[in-house]
Amino acid sequence: MIRGKEDNGDGSAPRFAAFISYSHADAEPAAKLQRQLERYKLPKNVVISGPDRERRLGAVFRDRDDLAAAPSLSDAINDALNASGALIIICSPDAKKSRWVNEEIALFRKLQPDLPILAALVRGLPEDSFPDALTAGGVEPLAADLREEGDGWQLGFLKVVAGIAQLPLDALVQRDAQRRIRRVTGITLAALAAMLVMVVMTAFAISARNEAARQRASAEGLVEYMLTDLRTKLKGVGRLDVMDDVNQRAMEHYSRQGDLASLSADSLDRRARILHAMGEDDDRSGNLSAALAKFREAHRATAELLRQEPDNPDRIFAHAQSEYWVGQAAWRIRDRATTERHWQGYVAEARKLLERDPDKARANLEMGYALGNLCDLYLHDNFDVAKAIDYCRRSIAFEKTALQHAPDRTEISIALANRYGWLADALLADKSYAEARKARLSEQAIIDGLVAKDPRNFELRFRQSWPLLGMATIALDSGNSQLAAIESARVIAAINPLAIEEPRNNDVKRALARGHYSRAKAFAAFDKPNARMELAETRRLIKELEETQNQQLALAGFWKAIAELEQKLQGK
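Convert by adding 1 to the 1-based position in the sequence shown; the result is the number in the numbering used here.
Dropping the structure here:
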């Protein structure tokens with residue numbers, strides 16, 4: 002019988018098949034496991050006792066937002082544990098140290114002493130990763146090793162399913178393997194059939210204009226299927242490499258289309274969506290030339306759509322995104338001229354959106370984004386600081402208007418805070434220190450307000466250190482070493498708790514190194530012993546980063562700055 006379907010003792014079935022307990026550092030594997038458990042169907046031939054004989058496990062609880070920052074677990078977590086048929090622990094060194102994970106284990110044992118607790122190891126060795134509460138009293142937990150060097154994700158996942166459903170693992174493994182073989186075979190045949198259909202339909206497309214339009218639409222539908230649904234299915238069986246040929250064929254198909262004016266609006270819209278998706282994948286993987294080629298093709302499609310419907314806000318918005326992505330891809334390869342041309346195009350489309358879009362929050366946010374990009378462009382390498390300041394100020398005005406239209410949208414507040422940070426950098430480059438500090442204080446006020454609303458949000462709490470470091474930099478550049486030392490101490494005080502909470506987070510460690518270096522640089526003017534201490538701590542953190550990440554080149558600037566400051570302290 003599936004545990005998630007058992008009776009609670011009061012005549013009602015548990016609401017959750019399982020409760021997933023995890024550390025913040027393991028949010029990604031926890032979310033992945035939840036999705037797979039809720040979607041998983043037990044094989045048809047597996048016999049399950051019970052009145053409903055359902056093949057799905059049921060809902061899985063993973064919501065950490067209900068865990069209040071209080072001395073004990075929240076009522077919502079208590080209720081969820083009491084309503085769950087099993088407890089799954091995402092085990093890692095971070096989970097072992099997590100107070101909340103240990104408390105959830107203890108509470109589940111108290112509430113549900115007869116129900117299973119399953120350990121899912123995702124990082125580290127068992128002795129370093131199993132929480133103390135899990136092994137208390139010499140208990141040997143039911144464990145699934147999801148690491149590549151262990152059971153691997155698939156077999157480990159089936160062990161978890163078997164533990165929840167109380168079924169023999171062999172029955173699940175054999176039938177799951179048979180099902181996967183059938184699925185791979187079916188997907189492969191479907192892909193080959195789809196390719197064949199595309200070839201046949203393309204050959205007949207020359208017979209008549211109307212017939213060509215109909216066949217082209219069908220072919221585009223097949224391409225979209227292959228780049229969306231088929232991609233998802235192939236990813237599920239570990240054969241995403243098959244998509245390399247599909248992507249290549251899709252690009253060849255698009256490059257042969259030539260005059261886009263003959264394509265229907267649906268075909269153009271689908272074309273742009275697919276190309277944007279493929280371009281973003283290339284951009285994330287670092288294949289920048291391929292990304293730029295795809296964004297250029299998407300730009301052709303959205304430009305034609307806009308030509309056909311010049312007053313349609315959605316067409317304007319879509320083309321604005323194309324302008325941004327082409328510019329962004331060019332910026333990544335440091336092609337300033339192409340970047341400027343397309344980001345100016347982004348501004349032009351955003352201006353049209355302001356005139357025509359009934360969604361004023363979206364229109365003003367896009368205008369703020371577009372002007373902010375130009376601020377960043379002109380600020381880089383101090384190319385044109387005056388222009389950068391002007392664009393930053395104008396960007397801020399539009400982001401403020403967007404926030405007035407949608408005050409609850411966090412992404413608008415974050416965008417506004419970012420623009421204040423960029424403005425501060427531009428004013429610093431202009432030696433306008435008082436105004437730069439004022440901009441940093443505005444940035445700080447926005448982020449502090451967001452943290453007050455969401456105090457458990459780690460990224461926002463980390464983001465609080467940015468304006469502090471910016472103010473320390475302003476003090477250093479203006480020659481106020483005493484103030485710079487104070488501001489740098491605030492940076493360190495803000496980041497230290499985060500480094501303790503997530504010791505493996507290299508972004509936090511890098512920011513902490515910046516804080517110590519800034520303080521060393523400040524002390525160098527009036528307290529050399531303390532400067533040497535801060536510099537030693539900077540050096541220690543950079544060495545730790547080098548040991549955990551293959552990024553010697555990325556850290557070269559740090560070492561150069563450290564060496565220069567050391568020479569200054571030695572009087573050289």
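For glycine and all other residues, C-beta sits at the position ideal for the given N, C-alpha and C.
Is the beta carbon of residue i less than 8 Å from the beta carbon of residue j?
{"i": "residue 145", "j": "residue 135", "result": "no"}
{"i": "residue 130", "j": "residue 93", "result": "yes"}
{"i": "residue 569", "j": "residue 525", "result": "yes"}
{"i": "residue 491", "j": "residue 546", "result": "no"}
{"i": "residue 295", "j": "residue 276", "result": "yes"}
{"i": "residue 61", "j": "residue 38", "result": "yes"}
{"i": "residue 366", "j": "residue 403", "result": "yes"}
{"i": "residue 137", "j": "residue 95", "result": "no"}
{"i": "residue 321", "j": "residue 354", "result": "yes"}
{"i": "residue 20", "j": "residue 88", "result": "yes"}
{"i": "residue 326", "j": "residue 280", "result": "yes"}
{"i": "residue 349", "j": "residue 319", "result": "no"}
{"i": "residue 91", "j": "residue 30", "result": "yes"}
{"i": "residue 400", "j": "residue 417", "result": "yes"}
{"i": "residue 338", "j": "residue 289", "result": "no"}
{"i": "residue 500", "j": "residue 488", "result": "no"}
{"i": "residue 574", "j": "residue 477", "result": "As shown, the chain starts at 2 and ends at 573. That puts residue 574 outside it, with no answer to give."}
{"i": "residue 18", "j": "residue 86", "result": "yes"}
{"i": "residue 549", "j": "residue 497", "result": "no"}
{"i": "residue 536", "j": "residue 567", "result": "yes"}
{"i": "residue 509", "j": "residue 463", "result": "yes"}
{"i": "residue 156", "j": "residue 112", "result": "no"}
{"i": "residue 166", "j": "residue 58", "result": "yes"}
Output the boundary residues of the alpha helix (DSSP H) element that contains residue i.
{"i": "residue 129", "result": "127-130"}
{"i": "residue 22", "result": "Here residue 22 belongs to no alpha helix (DSSP H); instead the beta strand (DSSP E) covers 19-22."}
{"i": "residue 76", "result": "76-83"}
{"i": "residue 493", "result": "482-502"}
{"i": "residue 122", "result": "Segment 118-122 is the beta strand (DSSP E) holding residue 122; no alpha helix (DSSP H) there."}
{"i": "residue 541", "result": "529-549"}
{"i": "residue 35", "result": "28-40"}
{"i": "residue 568", "result": "557-570"}
{"i": "residue 355", "result": "337-357"}
{"i": "residue 479", "result": "Run containing residue 479: none; DSSP gives neither H nor E here."}
{"i": "residue 382", "result": "Premise fails: residue 382 is in no alpha helix (DSSP H) and is neither H nor E."}
{"i": "residue 104", "result": "100-112"}
{"i": "residue 45", "result": "From DSSP, residue 45 is part of no alpha helix (DSSP H); its letter is neither H nor E."}
Considering residue i, what are the terminal residues of the beta strand (DSSP E) in which it resides?
{"i": "residue 90", "result": "88-92"}
{"i": "residue 58", "result": "Where residue 58 is concerned, there is no enclosing beta strand (DSSP E), given that its DSSP letter is neither H nor E."}
{"i": "residue 143", "result": "143-146"}
At the level of alpha carbons, what is the spacing between residue i and residue j?
{"i": "residue 565", "j": "residue 534", "result": "16 Å"}
{"i": "residue 618", "j": "residue 538", "result": "Outside the modelled stretch of the chain, which goes from 2 to 573, sits residue 618, for which no answer is possible."}
{"i": "residue 56", "j": "residue 36", "result": "16 Å"}
{"i": "residue 168", "j": "residue 118", "result": "15 Å"}
{"i": "residue 444", "j": "residue 310", "result": "39 Å"}
{"i": "residue 434", "j": "residue 414", "result": "24 Å"}
{"i": "residue 405", "j": "residue 361", "result": "10 Å"}
{"i": "residue 468", "j": "residue 495", "result": "11 Å"}
{"i": "residue 291", "j": "residue 544", "result": "35 Å"}
{"i": "residue 316", "j": "residue 115", "result": "59 Å"}
{"i": "residue 16", "j": "residue 107", "result": "20 Å"}
{"i": "residue 426", "j": "residue 437", "result": "7 Å"}
{"i": "residue 485", "j": "residue 411", "result": "31 Å"}
{"i": "residue 454", "j": "residue 133", "result": "33 Å"}
{"i": "residue 370", "j": "residue 419", "result": "10 Å"}
{"i": "residue 341", "j": "residue 302", "result": "21 Å"}
{"i": "residue 162", "j": "residue 147", "result": "13 Å"}
{"i": "residue 364", "j": "residue 307", "result": "17 Å"}
{"i": "residue 267", "j": "residue 556", "result": "48 Å"}
{"i": "residue 561", "j": "residue 519", "result": "14 Å"}
I believe residue i touches residue j by the beta-carbon criterion, under 8 Å. Please report the beta-carbon distance rounded to the nearest angstrom.
{"i": "residue 393", "j": "residue 423", "result": "5 Å"}
{"i": "residue 372", "j": "residue 430", "result": "That belief does not hold up - the Cβ atoms of residue 372 and residue 430 are roughly 18 Å apart, past 8 Å."}
{"i": "residue 505", "j": "residue 471", "result": "Incorrect: roughly 26 Å between the Cβ atoms, too far for contact."}
{"i": "residue 448", "j": "residue 465", "result": "5 Å"}
{"i": "residue 23", "j": "residue 102", "result": "7 Å"}
{"i": "residue 314", "j": "residue 358", "result": "4 Å"}
{"i": "residue 323", "j": "residue 300", "result": "4 Å"}
{"i": "residue 143", "j": "residue 164", "result": "5 Å"}
{"i": "residue 160", "j": "residue 152", "result": "7 Å"}
{"i": "residue 390", "j": "residue 428", "result": "6 Å"}
Using a Cβ-Cβ cut-off of 8 Å, state whether residue i counts as contacting chain D.
{"i": "residue 479", "result": "Among the protein chains of the structure shown there is no chain D, as only one such chain exists."}
Inset, instruction - List in chain order: all unbroken alpha helix (DSSP H) runs of 4+ residues lying wholly within the region 384-460. - result: 386-406, 411-430, 434-454
Legend entry - Completely contained alpha helix (DSSP H) runs for the region 275-325, where each covers 4 or more residues: 289-309
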